[in-house]
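Read the structure below first, then the notes.
Numbering (our numbering), first residue to last: 22 to 235.
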């Protein structure tokens, strides 16, 4: 079968795993949604577990491409403005989840103990993303530009948790339906507060003021 057929199955599985989680999605469900026989999934991927790993790799490939485009630009600058770089990376992560919410949904399922028998995903795909950010700021840490009671690694984790929570869970609203990134006003409000929280947590100079009002 053609590589386009394999990609089609991958994309269908990507949507189903994001919506239902790995544990609640069967091979037959994926096959039916993709319009193929279950044997085709085994032929392409080796089985449901291997398909799930391929889906997670696809999600992290999307995030890696987005992140590394910004990291490359920051590395090429004559000098690194630490505060500006941190805020640029926050915006990148916010923009990514708005375009690729399914990638974050997959990760959230894992936080809820989904696919616990597939333990290598974070080590293989997520940790290298975090490490690439820490590596960018290591010279600044060594030079004392990030000092005091700061913990860049944990602030980075906190930023991710907050984005996950808002993008997929939202905030309570009088209408009864939580507001998430699809609500432009609440999305701008969340973006501003996240920037301010990280700025203050890292004891960056001054206070955060966006170049353009949200």
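Idealized CB from N, CA, C, for every residue including glycine.
Taking only the alpha-carbon atoms, compute the straight-line gap between residue i and residue j and give it to the nearest angstrom.
i, j, result
"residue 31", "residue 107", "33 angstroms"
"residue 74", "residue 181", "21 angstroms"
"residue 49", "residue 144", "29 angstroms"
"residue 139", "residue 118", "23 angstroms"
"residue 101", "residue 43", "41 angstroms"
"residue 137", "residue 192", "28 angstroms"
"residue 96", "residue 37", "37 angstroms"
"residue 149", "residue 226", "28 angstroms"
"residue 54", "residue 206", "35 angstroms"
"residue 24", "residue 76", "15 angstroms"
"residue 105", "residue 228", "12 angstroms"
"residue 63", "residue 201", "37 angstroms"
"residue 221", "residue 130", "30 angstroms"
With DSSP run on the structure shown, which of helix, strand or coil describes residue i?
i, result
"residue 57", "coil"
"residue 33", "helix"
"residue 153", "helix"
"residue 166", "coil"
"residue 5", "One cannot answer for residue 5 here, as it falls past the ends of the chain, which runs 22 to 235."
"residue 134", "coil"
"residue 224", "coil"
"residue 186", "helix"
"residue 178", "helix"
"residue 108", "helix"
"residue 144", "helix"
With C-beta atoms as the reference, is residue i less than 8 angstroms away from residue j?
i, j, result
"residue 83", "residue 29", "no"
"residue 146", "residue 78", "yes"
"residue 153", "residue 113", "no"
"residue 92", "residue 34", "no"
Can you check DSSP and say which residues form a bridge with residue i?
i, result
"residue 192", "200"
Can you find the residues in the same chain that come closer than 7 angstroms, C-beta to C-beta, to residue i, ignoring five residues on each side of it along the sequence?
i, result
"residue 151", "177"
"residue 12", "Not covered by the structure: residue 12. The range shown for the chain is 22 to 235."
"residue 135", "42, 43 and 44"
"residue 199", "190, 191, 192 and 193"
"residue 203", "none"
For residue i, which residues of its own chain have a beta-carbon under 8 angstroms away from its beta-carbon, when the five flanking residues on both sides are left out?
i, result
"residue 7", "Nothing in the structure corresponds to residue 7, since the chain is present only between 22 and 235."
"residue 26", "57, 61 and 65"
"residue 133", "42"
"residue 184", "114, 115, 118, 125 and 215"
For residue i, which residues in the same chain have their Cβ closer than 6 angstroms to its Cβ, ignoring the five residues on either side in sequence?
i, result
"residue 211", "187"
"residue 80", "124 and 127"
"residue 99", "none"
"residue 103", "161 and 166"
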